[in-house]
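Trainee: So the sequences go chain by chain: U and W.
Be aware that the first sequence starts at 18, since it is given in this note's numbering, and climbs by one per residue.
Be aware that the second sequence starts at 3, since it is given in this note's numbering, and climbs by one per residue.
Have a look at the structure that comes next, please.
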Amino acid sequence: MFADSRFDYLGRVRFYIAIVVTPLHLVADLPTRASEAFHSFFRTREELEAENQRLQDEMLMLQFKLQKLDHLEAENQRLDELLKASATVDDAAVRAQLIGESSDPFSKRVIINKGSNEGVYVGQPVVDAHGLMGQVMQVEPLLSWVLLITDPLHNTPVQVNRNGVRAIAAGTPDSLHQLMLENVPSSADIKVGDELVTSGLDQRLPAGYPVGVVISVKNDGSQSFANIRVTPTAQLDRSRNVLLLYSSPEAKAARAAQKNGAAAPLSPEGRQ
Amino acid sequence: MVDISGKASNVWVIVLSLVFAGVLAIVPVPNWLELWRPDWIALVLIYWVIALPHRVGVVSAWIVGVLADVLEGTLLGLHAVVLTMTAYIGLKLYQRLRMFTPLQQSLTILMLIGTGQLVIFWVQAATGQNTADNLAFIISSITSALLWPLVFVCLRFCRRSFHVS
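Written out as structure tokens, the structure is:
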């Protein structure tokens, strides 16, 4: 175990042993799947109609927003070209499903049902419909482990949407639903309600994905740093469907190379 | 599998019970219950060590431990070392353990699994995998001890009905 924590070469061993134990993860997920199937089987027509109506309304709203977004994107690109800035890439994404979580009560990791067979790689960003969830920390043939942003081992470089102030959001050991901004001077312009997005400065997580909302700012006179708490926008404990982002060009190429047969990656707007 | 006397020893029952324990060890439960989850793999392994010391020993414990490490995503070798240690103490104690009353057995199990949890906690703290600073991890060895009589009765029933030897 010393070797595993310090060196890399046991990764292959773990990779192959994982083939043997993967079925256990699938079996352990069966009760949840069964209850989901049970619920979807015994739904009334009215419920389904109501849901259909709600989804259609939602889609209308989203399409309305998308119209404006298209316009803004084009404008942004023009401005970028004027400034000679590098064009921002559209991230490709693949849907994955949560099938388990770490049984260690002190760490916040989850298991998703895509592994190296789908081209998942270590460090790959994982988002849900509302924001950044975490990144892939370990890849097995059919599964991978995702480290959530609230794990005390995870640090996310973030930026305040309002004014661009940069900071690092770290997970907290005590709570599943909180992040802390580390080493932010008391004078920094961060207020309760500020939205934080990824800054992309780590060259790993793509820039611009929502991370969280500031819920409390405490300025203790005796300390030089402010105590800022953030609640993640992603539904870390509820999302079952997540998206794996293929953001780096190499990863995209690797993905495109083995795409035949697997599910095609969809761009955020659903057009290629 | 056929042993020297030509009778089937039904080792698959042991393997199946360990697989079942593995599933119980990773089945998703609410967060507050996570702390109370007993160490199923260790419980089942200890039972087989006590019941069939000639079948299940240190080597099988090591193999089960490596598989448990991959299953739970812990450091490769962590559970292997801990379960090997547990099985070794179990092998030393099995003659006495068989004579014990259920209460005495449960207390011994508490010590055995508690020691294992402590070693896991030490290693994880030393490698920075665990940042908790309290003794909450001990709770799982208490639930393990409380569930031991149940595990014992169930597995003894399995062993007798399938003539595992």
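Backbone N, C-alpha and C define an ideal beta-carbon position, used for all residues, glycine too.
Everything numeric in this text was worked out from a predicted model, so none of it was measured.
1. If the cut-off is 8 Å on Cβ atoms, which residues from the segment 30-56 of chain U count as contacting chain W, listed in chain order?
2. Kindly say whether W/G130, judged by its beta-carbon, lies nearer than 9 Å to any beta-carbon of chain U.
3. Is the beta carbon of U/D211 closer than 9 Å to that of U/V230?
4. List the residues that DSSP assigns as beta-bridge partners of U/P249.
5. Assuming W/L73 and W/I28 are in contact, meaning their beta carbons sit under 8 Å apart, how far apart are those beta carbons, in whole angstroms?
6. Can you round the beta-carbon distance between W/P40 and W/L149 to whole angstroms, since I take them to be within the 8 Å contact cut?
7. With 9 Å set as the bound, which would you pick, yes or no: does the beta-carbon of U/G151 sit closer than that to a beta-carbon of chain W?
8. Which residues in the same chain as U/T250 place their Cβ atom closer than 6 Å to its Cβ, once the five residues preceding and following it in sequence are excluded?
9. Can you find the residues in the same chain that come closer than 7 Å, C-beta to C-beta, to U/T248, ignoring five residues on each side of it along the sequence?
10. When the distance is taken between beta carbons, is U/Q152 closer than 9 Å to U/R221?
11. Could you work out which residues of chain W lie near U/P122, taking near to mean beta carbons separated by less than 7 Å?
12. What residue does the beta strand (DSSP E) around U/E92 start on, and which one ends it?
13. Since W/E36 is in the alpha helix (DSSP H), which residue starts that stretch and which ends it?
14. Please classify U/Y138: does DSSP put it in a helix, a strand, or coil?
15. State the DSSP-derived secondary structure class of U/V127, mapped to helix, strand or coil.
16. Is U/R255 close to chain W? Criterion is C-beta to C-beta, closer than 9 Å.
17. Whose C-beta lies closer than 6 Å to the C-beta of W/L157 among residues of the same chain, with five residues either side of it excluded?
Mentor: This is what the structure gives:
1. Cβ proximity to chain W below 8 Å picks out V30, R31, I34, A35, V37, V38, L41, H42, V44, A45, D46, P48, T49 from the segment 30-56 of chain U.
2. Taking Cβ atoms only, chain U reaches closer than 9 Å to W/G130, which makes this a yes.
3. Taking a C-beta distance under 9 Å as the contact criterion, U/V230 and U/D211 qualify as a contact pair.
4. In DSSP, U/P249 forms a bridge with U/G229.
5. That belief holds up - the Cβ atoms of W/L73 and W/I28 are roughly 6 Å apart, short of 8 Å.
6. In this structure, W/P40 and W/L149 form a Cβ contact; the two beta carbons are roughly 5 Å apart against a cut-off of 8 Å.
7. Cβ-Cβ to chain W under 9 Å: no for U/G151.
8. In its chain, beyond the 5 residues on either side, H147, G148, P227, G229 have a beta carbon closer than 6 Å to the beta carbon of U/T250.
9. Within the same chain, H194, Q195, G229, V230, I232 come within 7 Å of U/T248 by CB-CB distance, once the 5 residues on both sides are set aside.
10. Cβ distance < 9 Å, so U/R221 and U/Q152 count as in contact.
11. Residues of chain W passing the Cβ test: E36, L37.
12. In this chain, U/E92 is not harboured by any beta strand (DSSP E); it is covered by the alpha helix (DSSP H) spanning 62-100.
13. Run containing W/E36: 33-36, per the alpha helix (DSSP H) assignment.
14. In the three-state DSSP reduction, U/Y138 falls in the coil class, being neither helix nor strand.
15. Correct three-state label for U/V127: strand.
16. Interface flag for U/R255 against chain W is unset, since no Cβ pair is found closer than 9 Å.
17. So the list reads Y49, once near-sequence residues are dropped.
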